[in-house]
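Trainee: Attaching a single structure in structure tokens format; questions to follow.
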Amino acid sequence: MNYNELSTIPSFGAVTSNLTLLSLKHNQVFEIIAADLQPYSSLETFDLSFNSISEVTTSSFPIMQLKYLHLNNNRVTFMELGCFDNLSRTLLVLKLNRNRITVIQPKTFRLPQLQYLELKRNRIRVIESLTFQGLDSLKSLKLKRNGICELKDGAFWGLNEIEELDLEDNNLTEVTKGWLYGLKLLQRLHLSQNAVARIRTGAWEFCQKLSELDLTYNQLTRLDESTFLGLNLLESLYLGDNRVSYIADRVFTGLSNLLTLDLRNNEISWAIEDSNGAFSGLEKLNKLILQGSKITSITRRAFTGLEALEYLDLSNNSIMSVQANAFTQMKLKEL
Numbered sequence: 001m002n003y004n005e006l007s008t009i010p011s012f013g014a015v016t017s018n019l020t021l022l023s024l025k026h027n028q029v030f031e032i033i034a035a036d037l038q039p040y041s042s043l044e045t046f047d048l049s050f051n052s053i054s055e056v057t058t059s060s061f062p063i064m065q066l067k068y069l070h071l072n073n074n075r076v077t078f079m080e081l082g083c084f085d086n087l088s089r090t091l092l093v094l095k096l097n098r099n100r101i102t103v104i105q106p107k108t109f110r111l112p113q114l115q116y117l118e119l120k121r122n123r124i125r126v127i128e129s130l131t132f133q134g135l136d137s138l139k140s141l142k143l144k145r146n147g148i149c150e151l152k153d154g155a156f157w158g159l160n161e162i163e164e165l166d167l168e169d170n171n172l173t174e175v176t177k178g179w180l181y182g183l184k185l186l187q188r189l190h191l192s193q194n195a196v197a198r199i200r201t202g203a204w205e206f207c208q209k210l211s212e213l214d215l216t217y218n219q220l221t222r223l224d225e226s227t228f229l230g231l232n233l234l235e236s237l238y239l240g241d242n243r244v245s246y247i248a249d250r251v252f253t254g255l256s257n258l259l260t261l262d263l264r265n266n267e268i269s270w271a272i273e274d275s276n277g278a279f280s281g282l283e284k285l286n287k288l289i290l291q292g293s294k295i296t297s298i299t300r301r302a303f304t305g306l307e308a309l310e311y312l313d314l315s316n317n318s319i320m321s322v323q324a325n326a327f328t329q330m331k332l333k334e335l
């Protein structure tokens, strides 16, 4: 029933109770009323994307067996506390992308079975403490492109099972352990396209299971010895397109499981030209990207310790000289 002119949720007579999927995308539905959904006793997937819904209230949904709810591209500005409670026993996926949400009241989402929550491209600026408490099974939370400028301490507390957190394309300026508190199983953290200029000491104390960290397109200028302390399980680190001009000698020492390191488009020529062992501790590193790093020469000890390296990208630099034996200790397959 997509691409029609329905203004309310229709009933289809006797067949209604048999439906497991109902898609009403690109209609003109402006309100969700529990009574309209009552006949849909078997419904598991409900897609109301691209309609005109402005609020979700406690009278929007009856008790039902819904597993997948898509409300993308509506006009939602208000979600009443408890508005999803009647779906709490079964809902697994909730998508609220491209709405007009500015505030999420703490404990709005009391959905203990929910595994995937998407709130991309809304207008959320601040996330308060305990905002997502009640999402005991959540695996993935996506908050891309909201304009978030502040995450209060404990903003994600209660997300004990979360593995992926997407905060890409917001206005965050620093990473602190306060807002990362409680994310003990987090594996993938996406912070690309923010304004992060500082990673506070001890920031990763509560999320030491991270395997992938994306900090591309931020404002980092230096990588200090404590910048990545505690990330012993990290496998992929993306730092491209920052303004890094200083790398401490031992900054990567604890990253013994790192496989991919992307430092493209920074100002780290000295780390290759003048430093000895800038990449020490990266015994398993397989891929190193130094594209566009203003490097002019490669010294013999520039890549000391990178015995497992197979892929090295030095394109778009200004390299004029390479010392003998600069690459001999590596197992390079691509250069």
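Counting in the working numbering, the sequence shown runs from 1 upward without gaps. Heads up, the beta-carbon is just placed ideally off N, CA and C, and yes, glycines get one too.
1. Please tell me whether L138 and L114 are closer than 9 Å, where the distance is taken between their beta carbons.
2. Take L189 as the anchor and find which of I199, N72, Y181, L215 has the nearest alpha-carbon.
3. Near Y181, what residues of its chain come up, given a Cβ to Cβ distance below 6 Å and the 5 sequence neighbours on each side ignored?
4. Between which two residues does the beta strand (DSSP E) harbouring I272 extend?
5. Identify, in the order they occur along the chain, each residue of the same chain with its Cβ nearer than 8 Å to the Cβ of L259, setting aside the five sequence neighbours on each side.
6. Quick one: what's T173 bridged to in DSSP?
7. Going by DSSP, which residues form a beta bridge with H26?
8. With 16 other CB atoms within 10 Å as the buried threshold, where does I63 fall?
9. In three-state terms, what does DSSP make of V103?
10. Under three-state DSSP, which class holds T16?
11. In chain order, which continuous runs of the beta strand (DSSP E) of length 3 or greater are located wholly inside the region 151-204?
12. Quick one: what's D262 bridged to in DSSP?
13. Below 8 Å on the Cβ atoms is my guess for N231 versus W204; work out the distance and round it to an integer in Å.
14. Would you kindly report the start and end of the unbroken alpha helix (DSSP H) that includes D36?
15. Excluding the 5 residues preceding and the 5 following C83 in the sequence, name in chain order all residues of the same chain whose CB lies nearer than 8 Å to its CB.
Mentor: The relevant details are as follows:
1. yes
2. L215
3. G154, W157, F206
4. For I272, there is no enclosing beta strand (DSSP E); the residue is found in the alpha helix (DSSP H) stretching over 269-273.
5. E235, S236, K284, L285, N286, K287
6. In DSSP, T173 forms no bridge with anything.
7. According to the DSSP secondary-structure assignment, H26 is paired through a beta bridge with no residue.
8. exposed
9. V103 falls in the coil class under three-state DSSP.
10. helix
11. 164-166, 188-190
12. Y238, I289
13. The sequence given here places Leu at residue 231; Asn does not occur at that position. The pair is a contact, with the Cβ atoms about 5 Å apart (cut-off 8 Å).
14. 34-37
15. V56, T57, T58, S60, F61, T108
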